[in-house]
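Under the working numbering, the first residue of the sequence shown is numbered 7, with each subsequent residue one higher. Even for Gly, the Cβ is constructed at its ideal location relative to N, Cα and C. The next block holds one structure in the form of structure tokens; read it before the comments.
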Amino acid sequence: MKSLRNLNYVLAVKRLFKDMRDDWFVDPLMYKDFLDNKRVKKYFASDTGERFGHIAEQFNLPKAGFTLRYSLQTFVFDRLLYQALIDQLIELYDPLLLPICYSNRLRLGRGPFIFQDGVSSWRNFIQDVSVELESGKKVLLVTDIQNYFECIEIYRLEMILRSSSCAKDRNNSESIDLLIGLLRKWSPDGQRGIPQNQDASHFLANIYMNRFDHQMLSAKHKYFRYVDDIRIVCRDEFAARKVLKDLIIELRRIGLNVNSKKTKILKPDYSNREFAECMPQPNRVIEEIDALWKHRTVSSARVALPKLHAYTQQLISEGKTNEREFRFCINRLEQIARCSVLSFDFSGIIAPAVDLLVAQPSSSDSVIRLLRVAPLKGAHVEKIRRFALDKRRNIYEWQGYLIWQLLTMLEKKQKRGTKSFRELAKSIITQDWAPPMKGGAILYLGACGDGSDKRHLLKKFSQNSSSRMIVRSTVIASQEMSEVELERYLYPYISFQDRESLKIIRSSDFNGRYLEPLSDLHPKELFDNLPTITSG
């Protein structure tokens, strides 16, 4: 198959490493054992695509309001092929998208980032809608698409891709064949739904909406879209109702619908809280903190600390932990906690942050980023432990996986996990916990347990070997075990690819090292690698 040979896997590996940094289930080794250039080249040397397309594992993640979205966890080489296929197709299809599609647009060049800067794109989206509103007395129709990625129909996506002249090229046609084959294998019912939280899927979602975008503009609507957020400027409320009716009918034709709870017709009035939330103005507090940070001096950072402390407390107390502003604060606090020259008072932040694990499970990733570096007291750690083992409250597999990783990092600071907690972790492996929670407990035992703990998880592995998540966690956790034990308890139940991974790990410089406590930052590093996050 020529299309496989023509794919740029070196570029795909580079972009996949960037994309995986904010995965919902971040791999402790970032799949470095799989994504070695020599191994990738060897695996993709075949001329057929028959080895690709493993069934994805589906898990549920909490959204705001305790609703759920799904996560499709795919085999790493399948995901690499997915990225490589999109890298090829996006250069042909992105020019077909309209300017009113602001999100996930191709960045020029062959660098690690496939898309243009998201913050700037969002700012342009809001600004252009604002300019249109200022042209006269008008109203704003605000809506978004419900369960966007879950409802994308694969056969319709294939028709859209093949309808382009780009698909007439044989290599591109074969790439589309491979792509659709992957999506059908991953889809929960083989018909609809593509992986979420992956760059490749964001591009495909844009392609899926392209005809709809054209229809909205052809109807002379003042229409703007960012991912699944839609804004339409209308002359009055009744015109907005008519546009909404037409929009819903057209969305139904492609298997989509609006989220009624997020659908509003608003007058442009910033004293109206709903309008202000839909059309956010620059946040003065964030801009002040960011301006001080941009001075790149410790003295200016110290001036920003009281503002950062007060604003973080405010966001927590107001329950705004899913907002961009909260992620901005977490980015700064994570750096501050790792820099010993800055003395930051975390009082009033840590205790309510721990409580957020119960109150706001959808913000667990941000909260745990803070807790893994903040100066926790014994009472805080014990509260987290109790929650980790509470099957009545700890019900979200994504959150449970993150909490086990947090506990692993915290207890690695003490060189070995607490014996009583290690015993509880061992018992979880044989109980009916979800695979990510079992996987988290396995990683904990591998990192914080002794030889008998690791031997226990190996002996119980055959009972859990049907889950790729558990297989991966066990491979990582057992890297220091003897070959005799691996041959007896592990190798008979895992694939050749996983055995090869374990051998690579055991001979690498990251042997025995994963989920390490984050290192201290030199003052010069304090201001590096922080995304520019502004309000909006």
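Residue burial annotation: A297 is exposed, with fewer than 16 other C-beta atoms found within 10 angstroms of its C-beta. In this structure, DSSP gives Q197 a state outside helix and strand, which the three-state scheme calls coil. Residue state for T149 is assigned as strand, using DSSP reduced to three classes. Contact annotation, V264 with T149: C-beta distance approximately 5 angstroms; criterion of less than 8 angstroms satisfied. In the structure shown, K251 adopts helical secondary structure according to DSSP, grouped into three states. When only Cα atoms are considered, L413 and R237 end up about 43 angstroms apart. Between I92 and A206, the gap from beta carbon to beta carbon is short of 7 angstroms.
In the DSSP annotation of this structure, Y499 is not part of any beta strand (DSSP E), being labelled neither H nor E. By the Cβ rule, the region 386-403 counts as touching the region 434-450, because three or more pairs are nearer than 8 angstroms. Taken through DSSP and simplified to helix, strand or coil, P68 comes out as strand. The bridge partners DSSP lists for K270 are V148. The count of Cβ pairs closer than 8 angstroms, one atom from the region 165-178 and one from the region 127-146, stays below three, leaving the stretches out of contact. Pairing P367 with P68 gives a Cβ-Cβ distance under 7 angstroms. Residue burial is scored here from C-beta neighbours: L35 has at least 16 other C-beta atoms within 10 angstroms and is therefore classed as buried. Cβ-Cβ separation between T80 and P194: approximately 13 angstroms, too far for a contact (criterion under 8 angstroms). When DSSP states are grouped into helix, strand and coil, S372 belongs to the helix group.
Residue environment analysis places K300 among the exposed positions, since fewer than 16 neighbouring C-beta atoms fall within 10 angstroms of its C-beta. Around the beta carbon of T73, fewer than 16 other beta carbons sit within 10 angstroms, so the residue counts as exposed. Around the beta carbon of G445, a 10 Å sphere encloses 16 or more other beta carbons of the protein chains shown; the residue is thus reported as buried. Secondary structure note for I236: its beta strand (DSSP E) is the uninterrupted segment D235 to C240.
Taking a contact as a CB-CB distance under 8 angstroms, the pair I160 and L189 counts as one, their CB atoms being some 5 angstroms apart.
When DSSP states are grouped into helix, strand and coil, S77 belongs to the strand group. In the DSSP annotation of this structure, the continuous segment of the alpha helix (DSSP H) that includes F334 starts and ends at R330 to A343.
When the Cα atoms are used, S179 and K248 turn out to be separated by approximately 40 angstroms. Within the same chain, Q366 come within 7 angstroms of G325 by CB-CB distance, once the 5 residues on both sides are set aside. By the C-beta density criterion, H462 is buried, having at least 16 other C-beta atoms within 10 angstroms. Here the region 341-348 makes contact with the region 528-535; the two share three or more CB pairs at distances below 8 angstroms.
Distance from the CA of G117 to the CA of W128, rounded to the nearest whole angstrom, comes to 21 angstroms. Boundaries of the beta strand (DSSP E) around R231: K228 to Y232. Going by C-alpha positions, R512 is about 24 angstroms away from Q420. According to the DSSP secondary-structure assignment, L112 is paired through a beta bridge with F121.
Membership of M487 in any alpha helix (DSSP H) is not indicated, and neither H nor E is assigned to it by DSSP. A distance below 7 angstroms between beta-carbons, with the five flanking residues on each side excluded, links V379 to the following residues of its chain, in chain order: E340, A343, R344 and L524. One thing to note: Q122 has its Cβ no nearer than 7 angstroms to the Cβ of R21. With distances taken between CA atoms, S479 lies nearest to D504 out of L95, E491 and D504.
According to DSSP, V264 shares a beta bridge with I151.
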